[in-house]
Amino acid sequence: MSQVTETATEVTADIGHVDVLVVGAGISGIGAAYHLLEQQPDKSFVVLDALETFGGTWWTHRYPGVRSDSDLFTFGYRFKPWRGTPIATAQEILSYLGEVIDENDIDRHIRYQHRILEAHWSTDDRLWSIVAIRTDTGEEVRFTAGFVWMCQGYYRHGEGYTPEWPAMVDFGGRIVHPQQWPDDLELAEQKVVVIGSGATAATLIPAIARECGHITMLQRSPTFFVVRPNSNELADTLRDLDIPDEWTHEIVRRKILKDQEAITKMSFESPELLRAFLVDTIRGLLPEGFDVDRHFNPTYRPWQQRLAVLPDGDLFEAIREGQASVVTDQIERFTPTGIQLESGDHLDADVIITATGFDLAVLGDIAFTIDGEPLTLSDTVTYRGIMFTGVPNLAYVFGYFRASWTLRADLIADFVCRLLGHMDECGATMVTPMLRPEDADMALGPWVDPENFNPGYLTRSMHLMPQQGDCEPWQMLHDYTVERDLLAAAALDDGTLELK
Ligand SMILES: Cc1cc2nc3c(=O)[nH]c(=O)nc-3n(C[C@H](O)[C@H](O)[C@H](O)COP(=O)(O)OP(=O)(O)OC[C@H]3O[C@@H](n4cnc5c(N)ncnc54)[C@H](O)[C@@H]3O)c2cc1C
Numbered sequence: 161m162s163q164v165t166e167t168a169t170e171v172t173a174d175i176g177h178v179d180v181l182v183v184g185a186g187i188s189g190i191g192a193a194y195h196l197l198e199q200q201p202d203k204s205f206v207v208l209d210a211l212e213t214f215g216g217t218w219w220t221h222r223y224p225g226v227r228s229d230s231d232l233f234t235f236g237y238r239f240k241p242w243r244g245t246p247i248a249t250a251q252e253i254l255s256y257l258g259e260v261i262d263e264n265d266i267d268r269h270i271r272y273q274h275r276i277l278e279a280h281w282s283t284d285d286r287l288w289s290i291v292a293i294r295t296d297t298g299e300e301v302r303f304t305a306g307f308v309w310m311c312q313g314y315y316r317h318g319e320g321y322t323p324e325w326p327a328m329v330d331f332g333g334r335i336v337h338p339q340q341w342p343d344d345l346e347l348a349e350q351k352v353v354v355i356g357s358g359a360t361a362a363t364l365i366p367a368i369a370r371e372c373g374h375i376t377m378l379q380r381s382p383t384f385f386v387v388r389p390n391s392n393e394l395a396d397t398l399r400d401l402d403i404p405d406e407w408t409h410e411i412v413r414r415k416i417l418k419d420q421e422a423i424t425k426m427s428f429e430s431p432e433l434l435r436a437f438l439v440d441t442i443r444g445l446l447p448e449g450f451d452v453d454r455h456f457n458p459t460y461r462p463w464q465q466r467l468a469v470l471p472d473g474d475l476f477e478a479i480r481e482g483q484a485s486v487v488t489d490q491i492e493r494f495t496p497t498g499i500q501l502e503s504g505d506h507l508d509a510d511v512i513i514t515a516t517g518f519d520l521a522v523l524g525d526i527a528f529t530i531d532g533e534p535l536t537l538s539d540t541v542t543y544r545g546i547m548f549t550g551v552p553n554l555a556y557v558f559g560y561f562r563a564s565w566t567l568r569a570d571l572i573a574d575f576v577c578r579l580l581g582h583m584d585e586c587g588a589t590m591v592t593p594m595l596r597p598e599d600a601d602m603a604l605g606p607w608v609d610p611e612n613f614n615p616g617y618l619t620r621s622m623h624l625m626p627q628q629g630d631c632e633p634w635q636m637l638h639d640y641t642v643e644r645d646l647l648a649a650a651a652l653d654d655g656t657l658e659l660k
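Using my numbering, read the sequence shown as starting at 161 and increasing by one per residue.
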């Protein structure tokens, strides 16, 4: 086992070889580092991130009001209590992650401003050869790793997704994507149109509504919103009783998970009842005569796309007070002064904000080869939503759609650490998921069933993702309570993992 560079200031020093390379220092990568230190303390590892600091999503996104849309009891790690309000700002999440790094001395394992470009697996050497580039100096960095743990998130950090609309160049004002929020954006007295109605639009609009002349949310189709106070009664009670934070964290997590399970069950079994509940809550928050069904009653089933939480219904307050309005229509083209809609209406705008989502990045845009052959991920089948058939010594983190991402990141970390331990016990240096003869005729389908979940960034890029089978372990499950037990008990010697 070779040593990694010991201090963060020695970032230019040769990394040499590590047992594990963690790609990304977002919430998943920092969690991976924590679990490696806890569960596999003898493994050498390095965490590389292209950005200049930790946090990933929470560092990249700087638009006004940026916050979580899940509660931090479950979006936080299971091992570090959350002490704040359920919905947290990006800054609060960054502080929490900073504490995890400090408390566990993780900093010495992280190299920032290192973008990984290539990863080449050699079966003869049982190694990944990694090529990275330092984004500050342009210097190329090469090293080897026994195992690659992809914590790269799911979208490109450099740029958001903006569709091409006709005549965009004709628009005389400014077009801004929330992922690249400019420091010098002047909004006072401006007519602002936000295209999109997902979590980003719903967060941004109340945060800037007072500042703008007027702000319009332009959506092609409505989104489901859940209105909740930004407090948790159970957490407040337990805190009042001076219950230790660790207990409060665990108890509140269990309660939230139980409640979420009930809502998910309802979304499948009685979707129309759930729809009525969600839409009626909103109806009560909007002025008499507001066309709630047109603007806030989606055609899809609740939970087919992520439910966006609105703490204290702040978006509806902005609408009630006349600072914000909603238009449900299609864009025909941009004009010098705004947007021409298919209905014939024109939306005047000085600033257009395209809250139109992400560009899915498959495996961090890294060029992978396996014994000289380029890896085409869509030719592979997922192994438990953690590994891929035919790809040795590589795990990746993809969180839940309906529950907090980090719940799954923690479970995957346990699985990867157990797998690394198992390899050591068997004297294996290579682990590869392989379809067994009895799996050969298994029906294969898309990685995520669009009937189950179909947000735009996924449906646009599903052809790039691995396939899934019709039975375990060749599926990506979306249920925390099922996976918690299943992954902990998963046999590592059932013939689906080839160990050599
Ligand atoms: C505004 C916003 C709010 C969200 N709110 C929630 C929420 O409330 N709950 C929830 O569950 N999910 C939420 N999400 C989804 C969120 O992205 C994830 O939950 C979580 O933050 C992902 O963490 P991560 O560490 O896996 O990935 P990221 O946060 O995306 O971090 C990945 C890191 O990997 C680095 N990286 C990628 N490729 C390379 C490479 N080739 N070389 C080097 N480094 C690389 C990136 O620079 C980045 O720092 C939200 C997303 C956004 C954009």
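Ideal Cβ positions, reconstructed from N, Cα and C, are used throughout, including at glycine.
Check	Outcome
Span of the beta strand (DSSP E), counted from its first residue to its last, around LEU434	Per DSSP, LEU434 belongs to no beta strand (DSSP E); it is in the alpha helix (DSSP H), 431-443.
Within 8 Å, strictly: CB atoms of GLY320 and PRO342	no
Three-way DSSP call (helix, strand, coil) for THR220 in this model	helix
heavy atom of ligand 1 below 7 Å from PHE235 C-beta	yes
Any non-hydrogen atom of ligand 1 closer than 7 Å to LEU208 Cβ	yes
Residue range of the beta strand (DSSP E) that includes ARG493	491-495
DSSP state of ALA515 mapped onto helix, strand, coil	coil
Nearest residue (CA-CA) to GLN379, options GLY215, ASN457, GLU432 and LEU438	ASN457
Stretch pair the region 598-612 + the region 633-645: three plus CB contacts closer than 8 Å	yes
Collapsed DSSP secondary structure at VAL182 in the structure displayed	strand
C-beta contact flag for SER188 and CYS311 at 8 Å	yes
Neighbourhood of ILE247 by C-beta, 6 Å cutoff - its chain only, sequence neighbours within 5 removed	ARG227, SER228, ASN390 and PRO471
N-terminal and C-terminal residue of the alpha helix (DSSP H) that LEU394 is part of	393-400
Distance cut-off 7 Å: GLN312 Cβ against heavy atoms of ligand 1	yes
Alpha-carbon spacing of ASP451 relative to THR488, whole angstroms	10 Å
Secondary structure of MET594, DSSP reduced to three states	coil
Straight-line Cα distance separating ALA651 from MET594	14 Å
Assumed close pair MET583, VAL576 - CB separation to whole angstroms, cut-off 8 Å	Their Cβ separation, rounded to whole angstroms, is 11 Å, which puts MET583 and VAL576 out of contact at 8 Å.
Enclosing beta strand (DSSP E) for THR619 [first to last residue]	That residue, THR619, is in no beta strand (DSSP E); its alpha helix (DSSP H) goes 616-621.
Minimum C-alpha distance to ILE724 - residue among VAL178, ILE355, GLN350 and THR297	Limits of the chain in this structure are 161 at one end and 660 at the other, which puts residue 724 out of reach.
Where ARG174 falls, given that 16 or more other Cβ within 10 Å makes a residue buried	For the sequence presented, residue 174 should be read as Asp rather than Arg. The residue in question, ASP174, is exposed, as its Cβ has fewer than 16 Cβ neighbours within 10 Å.
Near ligand 1: ARG275 beta-carbon under 7 Å from a heavy atom	yes
C-alpha distance - GLY616 paired with MET622, whole-angstrom precision	10 Å
The alpha helix (DSSP H) enclosing ILE365, as first and last residue numbers	359-368
Nearest-angstrom Cα separation, counted from ASP519 out to THR363	20 Å
Reference PRO552; option with closest CA among GLY559, GLU300, TRP565 and TYR543	TYR543
Backbone secondary structure at GLU371 - three-state DSSP	coil
Whole-Å CB distance - TYR237 paired with ASP570, under 8 Å assumed	6 Å
Check: GLU187 C-beta below 7 Å from any heavy atom of ligand 1	The sequence given here has Ile at residue 187, not Glu. Result yes, Cβ under 7 Å from ligand 1.
Any non-hydrogen atom of ligand 1 within 7 Å of LEU211 CB	yes
According to DSSP, residues forming a beta bridge with ARG334	VAL511
Simplified DSSP state of ARG544, which is helix, strand or coil	coil
Touching by the beta-carbon criterion (3+ pairs, under 8 Å), the region 475-485 and the region 431-448	yes
For HIS221 and LEU254, the rounded distance between their alpha carbons	11 Å
Contact between the region 531-545 and the region 258-272 (3+ Cβ pairs under 8 Å)	no
Ligand 1 heavy atom lying under 7 Å from the CB of VAL183	yes
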